[in-house]
Amino acid sequence: MARKGVSKVRTGCVTCKTRKIKCDEGKPHCNRCTSTGRKCDGYAVPKSDWSLCRRPRHLSRGVGGAAESRALQFFCEIAGPFLPGASDPYFWTQLVMQFSNFEPVVQHSVIAISALYEQCQTETPPGTGIRDNTLALRHYNTAITELKATQNPSLVLLVCILFICIEFLQSNREAAIRHCKHGIAILENSVSTPDWAKEHLKPVFRRLSIFAYFFGSGDAEFPGLVPLDDPVPASFSNFSDARAMMDDIFSRAVRLTRYGEPYRLGHLRYADVPIGLLEEQEKLCYRLDQWQILFANLDGRLTSQNMPTAQRSDLGGEFVKSLLRLDLSICCEISRILSNMAFSGDEISYDAYLCNFRRVIEQFAHFGAITLDKARTAKRCPKFIFETGFTPMLFCVATKCRDLSIRLTALSLMKLLGVCRENLWEADTAYAVARRVIEIEHAVILNELGQPLGPPLYPGLPPDKMRVRKAWTESEELIQSNKFRQEMSGKFVRFYMRTPENTIYHHTEFLATGGIDQASESRSPLNGTRRLSGTLESFVRG
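Quick note, in the numbering used here, the sequence shown goes up one by one and the last residue is 538.
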């Protein structure tokens, strides 16, 4: 006899399925729940989609002996949980580990990452080459061979992220950018992308697109951006909604800043900015206003339990909540400054954002006080994270805010809150460059603690002629001797400035980056004739 009554609910949101009622399946949250004041828990990933994702072509028989087993365990327990920084750890702690169980190309990549990560934790200087790590080299080469036979575009995307991580760990700018461009090109050309890839891979590539605009040497190296799949929601239902929209805003702000560089510093300084770029600037300002309103409404409803990183922290849920709130708030402030200043060739204009810079530092300082207290109970501290951390934000404040007290605080916070290496950002290098910019602009020498040795020539806001427009750091680590004939590791840095006649010039210095205590001995101006790689290579004086 046929069963009577309502048929079993098979589609719809999680809440409606639990209540066994028909769902209108509105996105991102159904009207059936929201109209009655209930919390809509969203939609589960379709089983068919996950079955395609997780069904093994063949079960992995393992890829080696004790060294490989140890590397996999190290990744699972230490590397994986710390790689995402303040971002959702699901990709590294769950998705990657699932695929490593049945996809040899993933397992080989994970072993290479684990071996390099452990080396990074125990050795200096950063970016030790993979050729010095036979375990990592062997498995990376094998993964590359395996990938050539892979036909699944989504699997290629996942492995592409792992390869980028491997290149980050070696501080290899060019290879990391190539992998990033390749992955984003696959996303752009894909006719259809599985839901699991949209949910877990696209956000990673959206954030990855940023670093090429910081470290790429020209337009040819810039990848496209990964747009949001859905329009701006009426409200944020969770932290992930706020994170996704801010990732989109921040990546667009960084891209606009880089595209505006010729109008600030280059041969287009006196040209009209194209209408398309001005419209993008206006859209970004509007999006930032939208985001702030939506986030303010969400912030009061956030709990430590629904934070994506809460399960991996040994510092407590409230600490994680403060960390993630800080990350988003700072991104918002910096995005607004970058967007508004994208086409301004006048460094004096940054002075209009002193209140923004002060808010950023006040938030960082408050979090820094919490960090000092919590650090005493921390079980371990990472020296490398895959995602961008706080270093570039503090670097922006230290180099673009001309209030001496604010920028000196930013400099000290770089030592406290910056991870040694955040993808391609190196804390020692960023600190050395920011420190030198402050010294140049205020005509002052800083001691080993980052404090003035004597009264600065410009204690207030420095004049425009003293302001550094841009500092470009060469990627190659070199060894030089200081005045005491002591060897120091460091990098050449170009500092771009303006003459009273409004022409752009640069001078080159060698800055020690092997340790913060070497900074006071690292300044050695060069004649500027040595050819350096950089975005401003083609500049001509005048």
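Ideal Cβ positions, reconstructed from N, Cα and C, are used throughout, including at glycine.
All values derive from a computational prediction rather than experimental measurement.
CB-CB length for residue i against residue j, believed under 8 Å
i	j	result
K487	Q117	Not quite, the Cβ-Cβ distance comes to about 23 Å (not below 8 Å), so this is no contact.
L204	I160	6 Å
P100	E142	6 Å
K35	T11	7 Å
F164	F382	7 Å
E505	F491	7 Å
D243	R283	About 12 Å; that fails the 8 Å criterion.
I357	V415	With 8 Å as the limit, I357 and V415 do not qualify as a contact, their Cβ atoms being about 19 Å apart.
R248	L224	Their Cβ separation, rounded to whole angstroms, is 11 Å, which puts R248 and L224 out of contact at 8 Å.
P459	H438	Actually they do not touch by this definition, with Cβ atoms about 11 Å apart.
L320	F235	6 Å
V200	F87	6 Å
According to DSSP, residues forming a beta bridge with residue i
i	result
H507	The sequence as given places Leu at residue 507; His does not occur at that position. L507 pairs with K487.
K466	Y492
S65	Its beta-bridge partners do not exist; DSSP assigns none.
Q476	M484
P448	L442
H502	Y492
Close-in-space but distant-in-sequence residues of the same chain around residue i (CB under 6 Å, 5 per side omitted)
i	result
W67	Here the sequence assigns Ala to residue 67, which means Trp is not the residue at that position. The residues are I107, S110 and A111.
R308	With a pLDDT of 49 at R308, under the threshold of 50, the modelled position of this residue cannot be trusted; read the value that follows with caution. If we look at R308 and ignore the five residues flanking it on each side, its Cβ neighbours are P77 and P85.
P219	C176, K177, I180, S205 and A208
G256	A338 and F339
R254	Y209
Y346	K396
Sequence-distant residues of the same chain with beta carbon closer than 8 Å to residue i, five excluded per side
i	result
G450	V440 and I441
R53	With a pLDDT of only 42 at R53, under the threshold of 50, the placement of this residue in the model should not be trusted; the figure read from the coordinates follows. Only F98 and E99 meet the Cβ criterion.
E276	R248 and L252
Residues near residue i by beta carbon distance below 7 Å, same chain, minus five either side
i	result
K461	R494 and P496
F291	F232, A238 and L324
R169	F211, L420 and S471
P258	L264
A172	I160, E163, F164 and L420
I512	With a pLDDT of 45 at I512, under the threshold of 50, the predicted position of this residue should be treated as unreliable, though the coordinate-derived value follows. Here the set comprises K411, D424 and Y427.
E134	According to the sequence provided, residue 134 is Arg. The question's Glu does not apply to it. Excluding sequence neighbours, R134 sits near nothing in its chain.
T30	C36
T469	T425, V429, K487 and V489
Nearest residue (CA-CA) to residue i, options the options
i	options	result
H263	L91, L221 and G341	G341
V464	L474, E470, A430 and L453	A430
L334	M484, E470, R251 and V228	R251
Y266	P77, N129, Y136 and F339	F339
T395	S408, D226, I434 and D424	I434
M389	R332, P258 and V316	R332
P190	P149, G38 and I245	P149
C397	E418, L457, R260 and I206	L457
I180	C156, Y501 and S167	C156
Q166	F207, K194 and D128	D128
L324	M241, L221 and L507	M241
G81	Y492, S485 and L322	L322
I245	Q286, Y255 and L261	Q286
T405	R417, V415, I381 and G364	G364
F353	A508, G385, I402 and Q103	I402
N293	R283, H502, L261 and A230	A230
Y427	Y454, F386 and L453	F386
T384	I357, E343, I326 and E437	I326
V507	N234, N478, L183 and T146	It is Leu, not Val, that sits at residue 507 in the sequence shown. Taking only the C-alpha atoms, the option nearest L507 is N478.
W192	P227, L151 and Y136	L151
H196	S213, A172 and L154	L154
L407	P448, A132 and T469	P448
C281	L221, L131 and N336	N336
M93	L158, T146 and R355	L158
L445	L409, P199 and A467	L409
E343	N498, F87, Q482 and L133	N498
E329	F360, S318, E314 and F315	F360
I289	A145, E314 and V228	V228
E114	S96, Q147, T89 and A75	A75
H362	D399, S318 and C351	S318
G60	C26, A132 and N27	A132
L417	N234, C351, E276 and L79	According to the sequence as given, residue 417 is Arg; it is not Leu. It is L79.
A467	P455, V187, L350 and R432	R432
T367	F315, Y349, D347 and Y346	F315
Residue-level contact to chain D via CB, residue i, 8 Å cutoff
i	result
I160	Absence of chain D from the displayed structure is noted, only one protein chain being present.
Closer than 7 Å: residue i CB and nearest the ligand MG heavy atom
i	result
F488	With respect to the ligand MG, the structure shown offers nothing to examine, as it has no ligands at all.
* Entirely within the segment 85 to 166 and at least 4 residues each: give me those alpha helix (DSSP H) ranges in chain order. => 92 to 96, 100 to 118, 130 to 144 and 149 to 165
* Asked: If you scan the segment 223 to 265 from start to end, which runs of the alpha helix (DSSP H) of 4 or more residues do you find wholly inside it?
  -> 235 to 255 and 257 to 260
* To do: Run through the segment 352 to 433 for me and flag every whole alpha helix (DSSP H) of 4 or more residues, listed as ranges in chain order.
  => 387 to 396 and 400 to 413
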